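Written out below as structure tokens is the structure these notes cover.
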Amino acid sequence: MITLGDWLAEESFGLAMSSGFFGFFAHTGMLEALIARGLRPAHVGGSSAGALVTGAFAAGVSPEELAGVLTTLDRTAFWDPAPGLGFLAGRKFDGILRRVLPTSRFEACSVPVKISVFDILARRTTVLTQGDLVHAIRASCAVPGMFHPVWIAGRAYWDGGILDRPGLAGMPPGRVLFHHLAAIPPWRRSPPPAHALPQRDALVSLVIDDLPPSGPWQLESGRRALALARDATARALDQPIVDGVVRIR
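Laid out in structure tokens, this is it:
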């Protein structure tokens with residue numbers, strides 16, 4: 033059987049990252065391990081937490097740089113309650129992204145990126161590929177009830193994970209590594225069944241079990257999840273792919 037690392041090294045691949053509340057910690061650790069092994073995705077995409085990490089990477093933020101931002105994050109940095117369709121306005125989140133990202137435009141990204149958002153009026157997933165990258169990331173991360181909707185070109189958007197939890201809607205055909213967040217978000221009672229992993233040609237899913245859940249009041253757990261995901265991914269790269277999946281604890 034071929035190992036995950038060997039499969040990725042064979043030829044170019046895309047990277048898709050799933051939604052998962054504050055799972056951007058785990059996504060960052062996973063991507064850090066990939067890049068450390070010299071495995072750089074040719075294009076990326078994601079929804080919610082996955083949109084944040086893939087969007088930052090596409091804009092030129094290294095996983096180490098993003099990890100540095102996340103591990104020093106405190107709740108007051110993004111906590112801005114305001115009246116509206118959600119608890120937080122999202123203006124502070126917007127400010128963080130504009131300070132951290134080298135570019136705020138899709139068109140200036142060094143790596144092609146596709147971000148899934150939920151069109152509230154049309155009740156469907158839309159994939160954003162041009163315009164303001166920060167607005168797209170914010171929209172994809174706008175968990176209903178937590179954040180106000182984000183308006184882009186006259187349309188209101190919420191979290192891309194509402195209908196596209198895997199963040200695969202914009203990924204073109206071909207070889208794709210999919211990082212699935214197995215941690216249970218606070219509004220779910222149980223994890224999705226194993227067979228819920230997406231299926232498509234040339235797709236390999238990486239699942240890291242038992243990562244600590246994180247959230248606005250669990251940022252320390254998020255920092256631990258980042259380190260654990262980085263270490264688990266480094267080990268996963270030497271594990272065989274079995275039926276399109278590499279699962280590791």
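The numbers in this note's numbering rise by one with no breaks, and the one at position 74 of the sequence shown is 106.
Cβ coordinates follow ideal geometry from the N, Cα and C atoms, glycine included.
Model, not experiment: these values are computed from the prediction.
D112 places its beta carbon 8 Å or farther from that of L105.
The three-state reading of DSSP puts F53 in coil, since its state is none of H, G, I, E or B.
Annotated as proximal: G87 and I169, with beta-carbon spacing under 8 Å.
S253 sits in a helix when the DSSP states are folded into three classes. The C-alpha of L98 lies about 23 Å from the C-alpha of G202. By the Cβ test, the region 148-165 is in contact with the region 175-195, since at least three Cβ pairs between them sit closer than 8 Å.
At a cut-off of 3 residues, the continuous stretches assigned as beta strand (DSSP E) that sit fully inside the region 143-230 are 145-151, 156-160, 182-184, 187-190, 208-213.
Excluding its 5 nearest sequence neighbours in each direction, F125 has C-beta neighbours in its own chain below 7 Å: F110, R170, listed in chain order. Looking only at T103, R267, V159, the smallest Cα-Cα distance to Q250 is reached by T103. Taking C-beta atoms under 8 Å as the contact rule, V166 and I147 fail to qualify, at a distance of about 11 Å.
Around the beta carbon of R131, fewer than 16 other beta carbons lie within 10 angstroms, which makes this residue exposed. Boundaries of the alpha helix (DSSP H) around L84: 81-91. By the Cβ criterion, the region 267-278 is in contact with the region 237-248, since at least three pairs of Cβ atoms, one from each stretch, lie closer than 8 Å. As DSSP reads the structure, I240 sits in a beta bridge with L213, I280. Taking a 10 Å sphere around the C-beta of P272, we find fewer than 16 other C-beta atoms and assign the residue as exposed. Distance check between A228 and each of A41, L40, S50 places S50 closest, using alpha-carbon atoms only. For V132, the enclosing alpha helix (DSSP H) covers residues 123-132. Note on S172: 16 or more other CB atoms within 10 angstroms of its CB, so buried under the neighbour-count rule. Of the candidates L63, L40, H75, the residue whose Cα lies closest to the Cα of P204 is H75. Between G61 and A268, the beta carbon gap of about 12 Å keeps them out of contact (Cβ cut-off 8 Å).
The closest CA to that of T161, considering only G254, L117, G78, F57, is found on G78.
Nearest to V182 by C-alpha distance, out of G122, P95, R107, E42, is G122.
Around the CB of D196, 16 or more other CB atoms lie within 10 Å, so the residue is classed as buried.
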